[in-house]
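In what follows, a single structure is set out as structure tokens and then discussed.
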């Protein structure tokens, strides 16, 4: 029975990753060979392209494959693979798409509530954080710290401790190897400027006490991150 046929089965992207790892181990795809394009894999396995992307990222972390952005995905030699009894060594990591999907819900609602509950001191602090981000375009650690503060402050301003705890946990999940593998490839000043623009829109909605606009602005901000996940060119242009 294929791992893709197992009921329940855990995280879908890990099922797909294990399936592809098994095919590589069995010689269906040999060292140095390029895997089929993600669109073709998506059709073959009847899963979404986001699931395929997460599976490929997991396989790269485990050194089954090498992703050459824009050129394709290539199988690595057996001596390089990080395995445990033939099983993937990656266990329990949540895929970045699921994290973003959850953030869209939780942080969208935290922004909605913050627009009605944030104190004037919190609003002033948000303005200060956005200013710090503007001055840290080329200082990635300082930018990242301010980015985290902005989202954490909105969650705190929601006035709901459960929502705040979930928002903080979801942000912490960005520290996973799977998240870093794709996100680090999107790090550039242009994207940081886009983040600032998004934060300014969120802030203006909060400042003007417009909950619906705040929720929409936050959701659109997270949609931008999802787009970045999907825009990485994992396959050659003629293989889409």
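In the working numbering, the protein residues as written are 3 to 242. Note that CB positions come from ideal geometry on N, CA and C, so glycine has one too.
Where residue 204 is concerned, the enclosing alpha helix (DSSP H) starts and stops at 191-209. Distance from the CA of residue 118 to the CA of residue 129, rounded to the nearest whole angstrom, comes to 17 Å.
If you draw a 10 Å sphere on the C-beta of residue 201, you find 16 or more other C-beta atoms in it, and that means buried. Shortest Cα-Cα distance from residue 229 to any of 109, 115, 196 and 131 involves 196.
DSSP places residue 170 in the uninterrupted alpha helix (DSSP H) bounded by 163-174. DSSP, read as helix, strand or coil, puts residue 110 in helix.
Annotation for residue 77: no alpha helix (DSSP H) segment contains it, though the beta strand (DSSP E) segment containing it runs 74-77. Annotated three-state conformation of residue 131 is helix, per DSSP.
Note that the C-beta distance between residue 66 and residue 36 is not below 8 Å.
Using a Cβ distance threshold of 8 Å, residue 108 and residue 26 do not count as a contacting pair. For residue 224, the enclosing alpha helix (DSSP H) stretches over residues 213-233. In this structure, the CA atom of residue 71 is about 45 Å from the CA atom of residue 121.
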